[in-house]
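Below is one structure, written out as structure tokens; comments come after it.
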Amino acid sequence: MTTSVAWSDLALFYLIALIPLSLLWTMGLRELSRDLIISIARMSVQLLVIGFYLQTVFDLDNLVLNLVWLVAMAMIAAVTTAGRAKMPRLKSTLPLSAAMLIAMLPVLAMFVFILSKPVPWYSAQITIPIAGMLLGNALGSLVIALRRFNLRTPEDKDLIEQLTTMGASKVEARRTLVKAALGTAASPVIASMATLGLVSLPGMMTGQILGGFNPIEAVQYQIAIMLGICATQTLSVILALRFSIYMETESEL
27 MTTSVAWSDL ALFYLIALIP LSLLWTMGLR ELSRDLIISI ARMSVQLLVI GFYLQTVFDL
87 DNLVLNLVWL VAMAMIAAVT TAGRAKMPRL KSTLPLSAAM LIAMLPVLAM FVFILSKPVP
147 WYSAQITIPI AGMLLGNALG SLVIALRRFN LRTPEDKDLI EQLTTMGASK VEARRTLVKA
207 ALGTAASPVI ASMATLGLVS LPGMMTGQIL GGFNPIEAVQ YQIAIMLGIC ATQTLSVILA
267 LRFSIYMETE SEL
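Add 26 to the 1-based position in the sequence shown for my numbering, that's all there is to it.
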């Protein structure tokens, strides 16, 4: 059974933010308090804007518009990833966007044609939220992996130079770095999956239960989204690291 929230009730709920704000203020962390106020304001405005925009997209439910929005989501995620990973945004946006889209589209297709089977098949109400979850989770893993890949110790540099001198290809010479980056990015995902349901109820499952789904249906979708997130994260990280190797070696020429 779904329950709509009145705007006045939501406005009243903002009073809950006074708890952390007052605690931080009394502890002398006034700058942190101001940052929290700004973050709450930005979060509210951004979500309201995207909420009204998505309502328009859902109402139109146009294939071309949906595809354009999916590409835009991937590009925004790529720009964010490049910035947080300390990579050149202009040069990295296209390959990172490609890595995310290539990794996401097969998973999204399985959701559409095997699991949900919406009518029409390109239904924005299915494709956009699922794509958002896949890309959002891939973004975090990409940042972790690319930061680790670009964090070169003197030993890493010596090993790459030694292997290159011995005739190794640019991919082979950086295989150790790729493995380390992939392992660092995958560890949080594996740990999260191992404790899912025992330590916390995941967001998608909780949202569906609040939306009227029974727990078993919610569990089925949550299992599917976690498998999809795992596949998208792994493939996007591997592709992004491969693209990073080529960008790195091209800059050396």
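Beta carbons are placed, not taken as given, at the ideal position from N, Cα and C, and that holds for glycine.
- The alpha-carbon separation between LEU89 and TYR148 amounts to approximately 6 Å.
- Around the beta-carbon of TRP33, fewer than 16 other beta-carbon atoms lie within 10 Å, marking it exposed.
- Taking the Cα positions, THR119 is about 43 Å away from THR52.
- Under the three-state reduction of DSSP output, LEU36 falls in the helix class.
- Between LEU161 and MET126, the gap from beta carbon to beta carbon is short of 8 Å.
- Contact annotation: the region 254-266 does not touch the region 238-245, with fewer than three C-beta pairs closer than 8 Å.
- CA-CA distance, ARG268 to THR202, rounds to 13 Å.
- According to the DSSP assignment, TYR79 belongs to the alpha helix (DSSP H) that extends over 56-86.
- Counting other Cβ atoms within 10 Å of its Cβ, MET99 reaches 16 or more and is therefore classed as buried.
- Taken in chain order, the complete alpha helix (DSSP H) segments of 4 or more residues contained in the region 87-151 are 89-110, 115-136.
- Counting of Cβ neighbours within 10 angstroms places GLN248 among the buried residues, the total reaching 16 or more.
- Between the alpha carbons of LEU91 and ILE170 lies a distance of about 31 Å.
- Per the coordinates, the alpha-carbon of GLY109 lies some 34 Å from the alpha-carbon of LEU41.
- By the 16-neighbour rule on beta-carbons within 10 angstroms, LEU134 is buried.
- A distance below 8 Å separates the beta carbons of ALA211 and SER167.
- Excluding sequence positions up to five before and after PRO144, its CB lies within less than 6 Å of the CB of ILE152, all in the same chain and listed in chain order.
- If you look at SER48, you'll find it in the alpha helix (DSSP H) that goes 44-52.
- LEU189 sits close to GLU198, with the two beta carbons spaced by under 8 Å.
- Look at MET192 here: in three-state DSSP terms it is coil, with no helix or strand label.
- Within the same chain, PHE269 come within 6 Å of PRO121 by CB-CB distance, once the 5 residues on both sides are set aside.
- Its Cα nearest to that of ARG173, the residue ALA266 stands out among ALA266, SER48, LEU73.
- Around the Cβ of LEU93, a 10 Å sphere holds fewer than 16 other Cβ atoms; the residue is exposed.
- A direct Cα-Cα distance of roughly 22 Å separates THR191 from ALA206.
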